[in-house]
Each structure stands twice: as C-alpha cells, then as structure tokens.
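Structure first, commentary second.
Protein chains: 2
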Amino acid sequence: MTENKRILFKSRPAGWVDASHFEVVVAPVGEPGAGEVLVRNIFMSLDPYMRGRMRDQKSYAPGFELGQVLQAGMVGEVVASNDPSLVEGDLVEGRLGWEAFSVAQVGSVNKVDGNVASLSHYLGVLGMPSMTAWVGLRNIGQPKEGETVYVSAASGAVGQIAGQIAKMQGCHVAGSAGSFEKAAYIMDELGFDAAFNYKEAGSLGDALAQACPQGIDVYFENVGGAMLDAVLLKVNPYARIVACGMISQYNLEKPEGVKNLGTMVGNKVKMQGFIVSDHMDLKPEFMAEMSGWLAKGKIKYREDITQGLENAPAAFIGMLKGENFGKQVVQIGEPPK
Amino acid sequence: MTENKRILFKSRPAGWVDASHFEVVVAPVGEPGAGEVLVRNIFMSLDPYMRGRMRDQKSYAPGFELGQVLQAGMVGEVVASNDPSLVEGDLVEGRLGWEAFSVAQVGSVNKVDGNVASLSHYLGVLGMPSMTAWVGLRNIGQPKEGETVYVSAASGAVGQIAGQIAKMQGCHVAGSAGSFEKAAYIMDELGFDAAFNYKEAGSLGDALAQACPQGIDVYFENVGGAMLDAVLLKVNPYARIVACGMISQYNLEKPEGVKNLGTMVGNKVKMQGFIVSDHMDLKPEFMAEMSGWLAKGKIKYREDITQGLENAPAAFIGMLKGENFGKQVVQIGEPPK
Numbered sequence: 083m084t085e086n087k088r089i090l091f092k093s094r095p096a097g098w099v100d101a102s103h104f105e106v107v108v109a110p111v112g113e114p115g116a117g118e119v120l121v122r123n124i125f126m127s128l129d130p131y132m133r134g135r136m137r138d139q140k141s142y143a144p145g146f147e148l149g150q151v152l153q154a155g156m157v158g159e160v161v162a163s164n165d166p167s168l169v170e171g172d173l174v175e176g177r178l179g180w181e182a183f184s185v186a187q188v189g190s191v192n193k194v195d196g197n198v199a200s201l202s203h204y205l206g207v208l209g210m211p212s213m214t215a216w217v218g219l220r221n222i223g224q225p226k227e228g229e230t231v232y233v234s235a236a237s238g239a240v241g242q243i244a245g246q247i248a249k250m251q252g253c254h255v256a257g258s259a260g261s262f263e264k265a266a267y268i269m270d271e272l273g274f275d276a277a278f279n280y281k282e283a284g285s286l287g288d289a290l291a292q293a294c295p296q297g298i299d300v301y302f303e304n305v306g307g308a309m310l311d312a313v314l315l316k317v318n319p320y321a322r323i324v325a326c327g328m329i330s331q332y333n334l335e336k337p338e339g340v341k342n343l344g345t346m347v348g349n350k351v352k353m354q355g356f357i358v359s360d361h362m363d364l365k366p367e368f369m370a371e372m373s374g375w376l377a378k379g380k381i382k383y384r385e386d387i388t389q390g391l392e393n394a395p396a397a398f399i400g401m402l403k404g405e406n407f408g409k410q411v412v413q414i415g416e417p418p419k
Numbered sequence: 083m084t085e086n087k088r089i090l091f092k093s094r095p096a097g098w099v100d101a102s103h104f105e106v107v108v109a110p111v112g113e114p115g116a117g118e119v120l121v122r123n124i125f126m127s128l129d130p131y132m133r134g135r136m137r138d139q140k141s142y143a144p145g146f147e148l149g150q151v152l153q154a155g156m157v158g159e160v161v162a163s164n165d166p167s168l169v170e171g172d173l174v175e176g177r178l179g180w181e182a183f184s185v186a187q188v189g190s191v192n193k194v195d196g197n198v199a200s201l202s203h204y205l206g207v208l209g210m211p212s213m214t215a216w217v218g219l220r221n222i223g224q225p226k227e228g229e230t231v232y233v234s235a236a237s238g239a240v241g242q243i244a245g246q247i248a249k250m251q252g253c254h255v256a257g258s259a260g261s262f263e264k265a266a267y268i269m270d271e272l273g274f275d276a277a278f279n280y281k282e283a284g285s286l287g288d289a290l291a292q293a294c295p296q297g298i299d300v301y302f303e304n305v306g307g308a309m310l311d312a313v314l315l316k317v318n319p320y321a322r323i324v325a326c327g328m329i330s331q332y333n334l335e336k337p338e339g340v341k342n343l344g345t346m347v348g349n350k351v352k353m354q355g356f357i358v359s360d361h362m363d364l365k366p367e368f369m370a371e372m373s374g375w376l377a378k379g380k381i382k383y384r385e386d387i388t389q390g391l392e393n394a395p396a397a398f399i400g401m402l403k404g405e406n407f408g409k410q411v412v413q414i415g416e417p418p419k
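If you read the protein sequences in the order shown, they are chains C and G. Position 329 of the first sequence, counted from 1, bears residue number 411 in the working numbering, the numbering being contiguous throughout. Position 237 of the second sequence, counted from 1, bears residue number 319 in the working numbering, the numbering being contiguous throughout.
Written out as structure tokens, the structure reads:
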C-alpha cells in the first residue's frame, strides 16, 4: 500500500483526446499533514466538462496543469486522518486526483452515507450530474404540464435524469442518443414518450418533428452544433433552452456554426447557460427530493462502470465519443464490505 | 384628392431586396364604411423587422401578401370619419398601408397629441422602436450601475435609445455603427463612452476589447452573425444578450454560423428574444417615462426622413444596407399647420 498509481496530464489536445495525452505513473502514497486525510479512492466520475479543463483558456473550472495529476469527482474511504472531523473508515466524496490514494484537506471532502445507495451513485444520480439536470430544469427550463421537453444525449448522466424529471412533471418528453439500443432504453426503461438515434436519422429536423409533434417548449441542451440548429427551427413561442453543455463541439478545433438563432427573436426564446456549482445552496433540497424519488423507484439510473484506474483514459475518450451507455464511472478500488 | 398612390408587394426577395420587388400604382381613394375612418398619411416608419414579413414563413408578424399594399407604422390625419370616436382633423397612429390615404377601422388606430413632439416622433422615440429598446433593457438586459452595455447598430432607431437609457443607469456604454460619422455621433452627441465603425475595424474582437475593457455585461443585439460571435468571446459571467434583431442576417439566403455559443455555458450567459408587441401593458409607463426624458432633454433622437412615398422602396433597401443615419422615416404628406 505504499505505491500509488496516478494518471498525469501529459500534453494538451488540440482536437480529439487520445492516449498520448495521459501518462500513468507510480509514486509513493502521500502523507496527510495537519487537517488532512488520506483517502483510498473507490469510484471516479468522468464527465464531459473535463474536456474543457484540458484547454488552455480561462473557464469556470480551473484548467488541468500539464505534468500534474488529473482531477475528478471521487468517492473513497478515509484510511488515515489528521483531523478529528473524519475518522478511519469514513466514506467521503470530493474532487480528488486520478489516483489510487489521495491526500485531501478535510474541508474539501464531504462525508457520505454508504447505506443510502451504491457508492457510485454519489457521482451520478445523487451527485453533480443529476443535480445539474435538476437545477437546469428548475431554474431555466421550468417545464409546465403538457409542454414538450426535448433532451439530447438523453441516455447520458444528465440527460436521463432531466427527461425523467420532466416526465414526472406531466410533459411530453422526447430524447435522442447515439444508438438504437440507447434510444430503446430511453423509451422502454426510462419512460420517455419518443426517442431517436440521431446518428441514423436522415434529417434531424424530420426526426424532431416526429418526436415532438407539438414543437419544442424546453430543450435540455447537452450537444450543441447541428442539433441546436435543428431545434431552433422547431421551437415554440417562449421556448426555453437549458444550455448545459455542447459535447459535440468539445473536440473540434473550430466549432460548427449555428445558423438559426434568428428564430429566437420571433419566438421570444430564452437560452441560458448555467453551472451547477453556482447553486450549491440548493443541494439539501436536491438530495432530499432525489433520494425520495430513488427510494420510491421513480427515477432509474444507468451507469457504465469501467474497471481499473489504468483504463480511465480510454473510458474518458470513449465517453467523449458517446461510446458509454449511461453515466461513466471508473472503479478504482473495492467498496468496503 | 380622389387619386391614391400605393406601393404593392410585387415579388418575394430571396436575398437582397431591390426595386423589382415593389410596384407603385395609382388607385382611387377608398371610401370608409361604418366604424371606419379615412386617414391622410403623413409619416411612415420603415423598420428592419419588415424584411422578415417579406418571407414566406410564419413569424410573429403576419407576412406581406403578394400583390397587396405593404404595411407600416404610420401617423396621419383623419379626413373623414364614420364613427363618433374620431373626428376630422384628429391625428392618429397605427399600422396602415404604404399609400397616401388609408381606410382604417377606428379600433386599429390610436389618437396622438400633435403638440407633444414632432409627429414623426410617434414612429420612433415615442413609438415602437424606442419602446423596444426600453422593454428589452427593462425585461432582459437589466443593466446595473457600473456594468458595461454594448449596443450594435447604435445609431439606429432602437440602438440610440438603448444606449442612452443604459447611460442614464450609470453604465459604461459602447456602441458600433457602419461609418465614422455615425460612430462620432454616438459618442459626441449621444454621450456613449466608446464607439467604433465596425466596417473599418480590423478585428471585431480587438475593437470590442478596446471599447469594453471590462468585458460585456449586457449586449443589446441588433445585428447577429459575426458581431454576435465576437461578443460571445467578450462576455462576462452572467451576461445578458437582448436579442432584439439580427439585421446582418435578414438578406442572406443562408445565415452565417455563430461558432462561440459554448461560452454561454461557462459564463452562464442568458440570451433572450422578445417582441415589443407582447408588452403593450407597459406602454403607459413607457410613454410617461420617455416623454419626461425627452422634455428634459435627456434623450436625443436622430431621424432620417426621406421625402415622398415613391421613394419608400429605395429608403427601405438603403436602411437594410445601413445607409440611413438615425431612425428611417418617409414623409408622405404635410403635417397640419
């Protein structure tokens, strides 16, 4: 247990990320100082926004530094503590390193209750991606009963929650994903009213018209580019576009142009970006509501769990290409018994 | 006075509008029926949104019909009335035809007080364009003291008012226009803090950086396309984009692509379209406030008055190309003495 496997950010990608941008190293396990704990990492979250942190430009999350260990949302177990607020055996979540063991300041991690749900769920349905869906709909989308809500990347970590919440609110809910299997999952398992595989749709406009026969009142936007352009031709008056992310653009050296923004004027459309970390005051409300839904079986959640830290780069690259099916997690260690 | 000059919508433009899309005809003056008045038209408003009405697609304003007289905001004098609510000599404004005399239902026109301001002002600073600026800032832009407000098409009918209101609210106000003369007017006469001629700016990004050294908090968007793209790279966190119109795109068969929408997520930007006619409940408040500002000399307003109905098509085409300097009006008849 003195060896720590770590993954460093080796070089900055210009277009698509590949294995050459990562370096796996072995280093000694760190020693926690005063007010610090040593965490044995168990589950790590991979999320599309992390691609943005690989750029050399200011953004809401600080960029990854070259030569340093990458960071991610993590759930782990405290194995040594130099602070009375945490003891050995406590389970915690926080933003830690892509590594087997992390030294963390006690204030940077939060205790989690391992009995509520699978530990990995704290990275998804009870964590940041799910709260992103919940906040985006609550603050921006504000779907009303009978309205049509369309969700892109609808089998992903955020999309599957956004669609299910909208469904509970009495909306016609449509979604798109990158395979027939995912589209079937969205309808058959998650209960969406309509779904399509955008990769095989002859025309996005026709696919949207079929999935959303009454037009689109709320677009939960995870994709950007051509998809956003197609949605802009289907928006109803006073539509809201929840600009959560635009993953189709993250690996392009030059983003695609969106041509149909003019429809926002005549249709009085609102498009608004947001970052979930601005809304942490809502976390208790979110946790209470989502835990309740989960306990009652009202929310389903699919995870795609890759085994082994050394496979995290490939899992991250695959996620950016849409190869995951459900929320992408990497299992680094065994959960406590 | 039995002859009525009228301008018909002859053919639908695909790209730029030209003279061939209009037809000047002479017809008999209409006879007002029950509940109708005959109006002698005096000033006609030409506005960029009218280009949208030339398209064969549903929009917030119904499209112009081929072979029919075009419509516009108008101020005129009642010369015959078949309803007790209006009498000969009353001055009215409403949406009437591109013609010397219009028959109108009494409910479709509003009496105006010819003593408050120049009659043409009811088409501009006391009319729809000015209320558009006022509503857009009030409901969407919501500039706060010390923030930076950037206005494109800033010497136009809407832009000049938007900038002056923002200046009264204690903002750093910058604007752009299509000539050095207009840029000088914006700064020297209207009191903007910075202005530039976008046609001669080597780089829109550099020009914006110089005009808005603290970034952009509110963008009053009249232009779209490349200008919007450049603004998206200068927005501050929580910026608001008031999507009022996108005139640079109106005559393109294929609109330009906007590439930088991704910055809306990280910067939590809101972009919202609106149509002033949704907000007519605010008209009394607007009229009271704007009349007060005008009377106190706090708002300046420049008009570009073309003489003669037969010159309206050329004035409209010129306005779409940015050749007007100030709010574009056509004088059709003489104001009453």
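Think of the CB as a built atom: it goes at the ideal place given N, C-alpha and C, for glycine as much as any other residue. Keep in mind it's a predicted model, so treat the numbers as computed, not measured.
In chain order, each beta strand (DSSP E) run of at least 3 residues that lies wholly inside the region 210 to 296 of chain G: Taken in chain order, the whole beta strand (DSSP E) runs of length 3 or more contained in the region 210 to 296 of chain G are 230 to 233, 254 to 259, 276 to 279.
Cβ neighbour criterion (16 or more within 10 Å) applied to Asn304 of chain G: With 16 or more other Cβ atoms within 10 Å, it is buried.
Classification of Thr84 of chain G by the beta-carbon crowding that lies within 10 angstroms, buried from 16 upward: Of the residues assessed, Thr84 of chain G falls on the exposed side of the cut-off, its CB having fewer than 16 other CB atoms within 10 angstroms.
Contact check, Trp216 of chain G vs Met372 of chain G, beta carbons under 8 Å: The Cβ atoms of Trp216 of chain G and Met372 of chain G sit closer than 8 Å to each other.
For Leu148 of chain C, the nearest candidate out of C:Lys92, C:Gln246, C:Val111 (CA to CA): The residue with the shortest Cα to Cα distance from Leu148 of chain C is C:Lys92.
Of the listed residues G:Ala143, G:Ile387, G:Pro95, G:Gln242, nearest to Leu201 of chain G (C-alpha basis): Closest by alpha carbon: G:Ile387.
Cβ pair count under 8 Å reaching 3, the region 282 to 290 of chain C against the region 317 to 335 of chain C: Cβ pair count under 8 Å is below three, so no.
Residues of the region 357 to 374 of chain G with Cβ closer than 9 Å to any Cβ of chain C, in chain order: Answer in chain order: Ile357, Asp360.
Simplified DSSP assignment, three categories, for Arg137 of chain G: Coil, per DSSP.
Cutoff 7 Å; reference Ala109 of chain G; Cβ partners in own chain excluding five residues on either side: Sequence-distant Cβ neighbours of Ala109 of chain G in its own chain, meaning closer than 7 Å and more than five residues away, are Asn86, Arg88.
DSSP three-state assignment for Ala109 of chain C, whether helix, strand or coil: Three-state result, Ala109 of chain C: strand.
Any chain G beta carbon closer than 8 Å to Asn349 of chain C: For Asn349 of chain C, the answer is yes, since a Cβ of chain G falls inside 8 Å of its Cβ.
CA-to-CA distance, Ser127 of chain G to Trp180 of chain G, given in whole angstroms: The alpha-carbon atoms of Trp180 of chain G and Ser127 of chain G are separated by roughly 10 Å.
Partner residues on chain G for Asn342 of chain C, Cβ-Cβ distance less than 9 Å: Here the neighbours are Pro337.
CB contact check: Gly306 of chain C to chain G, cutoff 8 Å: Yes, because at least one Cβ of chain G sits closer than 8 Å to the Cβ of Gly306 of chain C.
Reference Trp375 of chain G, options G:Phe104, G:Ile243, G:Val313, closest by Cα: That would be G:Ile243, whose Cα lies nearest to the Cα of Trp375 of chain G.
Partner residues on chain C for Lys352 of chain G, Cβ-Cβ distance less than 7 Å: Ordered by position in chain C, the residues that pass the 7 Å Cβ test against Lys352 of chain G are Lys352, Gln354.
Beta-carbon neighbours of Gln331 of chain G, restricted to chain C and to distances below 9 Å: Near Gln331 of chain G (Cβ distances below 9 Å), the residues of chain C are Lys341, Leu343, Gly344.
Cβ shell of Arg137 of chain C (< 8 Å), same chain only, five flanking positions each side left out: In chain order, Arg94, Gly145 place their CB closer than 8 Å to the CB of Arg137 of chain C, counting only its own chain and leaving out the 5 sequence neighbours on each side.
Alpha carbon of Val231 of chain C to alpha carbon of Gly158 of chain G, nearest angstrom: Roughly 47 Å separates the two Cα atoms.
Bounding residues of the alpha helix (DSSP H) (the contiguous stretch that carries Gly176 of chain C): Per DSSP, Gly176 of chain C is not a residue of any alpha helix (DSSP H); the beta strand (DSSP E) it occupies stretches across 173 to 179.
For Phe302 of chain G: DSSP bridge partner residues: Phe302 of chain G is bridged by DSSP to G:Val233, G:Val324.
DSSP-derived helix/strand/coil call for Asp165 of chain C: Under the three-state reduction of DSSP, Asp165 of chain C is assigned to coil, being neither helix nor strand.
Alpha-carbon to alpha-carbon, Ala186 of chain G and Gly257 of chain G: One C-alpha to the other measures close to 39 Å.
Cβ separation of Val160 of chain G and Leu168 of chain G, assumed to be a contact under 8 Å, to the nearest whole Å: By a beta-carbon distance limit of 8 Å, Val160 of chain G contacts Leu168 of chain G. Their separation comes to about 5 Å.
Beta-carbon contacts of Gln296 of chain C that lie in its chain and below 6 Å, excluding the five residues immediately before and after: Thr230, listed in sequence order.
For Gln139 of chain C, the nearest candidate out of C:Val207, C:Ala96, C:Val324 (CA to CA): Cα-wise, what sits closest to Gln139 of chain C is C:Ala96.
Backbone secondary structure at Asn393 of chain G - three-state DSSP: Note: Asn393 of chain G maps to helix in three-state DSSP.
Neighbour list for Cys294 of chain C in chain G, Cβ cutoff strictly below 8 Å: Here the premise fails: no neighbours, minimum Cβ distance about 17 Å.
Rounded straight-line distance, which links the Cα of Asn406 of chain G to that of Val358 of chain C: So the alpha carbons of these two residues sit roughly 46 Å apart.
The region 405 to 419 of chain C in contact with the region 274 to 287 of chain C per 3-pair CB rule at 8 Å: Contact fails between the region 405 to 419 of chain C and the region 274 to 287 of chain C, because fewer than three Cβ pairs, one in each stretch, are under 8 Å apart.
Assumed close pair Val300 of chain G, Gly223 of chain G - CB separation to whole angstroms, cut-off 8 Å: With 8 Å as the limit, Val300 of chain G and Gly223 of chain G qualify as a contact, their Cβ atoms being about 4 Å apart.
Contact between the region 375 to 384 of chain C and the region 206 to 215 of chain C (3+ Cβ pairs under 8 Å): In short, these stretches touch, since the Cβ pair count reaches three.
At least 3 beta-carbon pairs within less than 8 Å: the region 344 to 359 of chain G vs the region 344 to 360 of chain C: The answer is yes - the region 344 to 360 of chain C touches the region 344 to 359 of chain G, with three or more Cβ pairs under 8 Å.
Status (buried if at least 16 other CB within 10 Å, exposed otherwise) for Met156 of chain C: Residue burial annotation: Met156 of chain C is buried, with at least 16 other C-beta atoms found within 10 angstroms of its C-beta.
Per-residue contacts from Gly327 of chain C into chain G (C-beta, under 7 Å): Taking the beta carbon of Gly327 of chain C as reference, the chain G residues within 7 Å of it are Val347, listed in sequence order.
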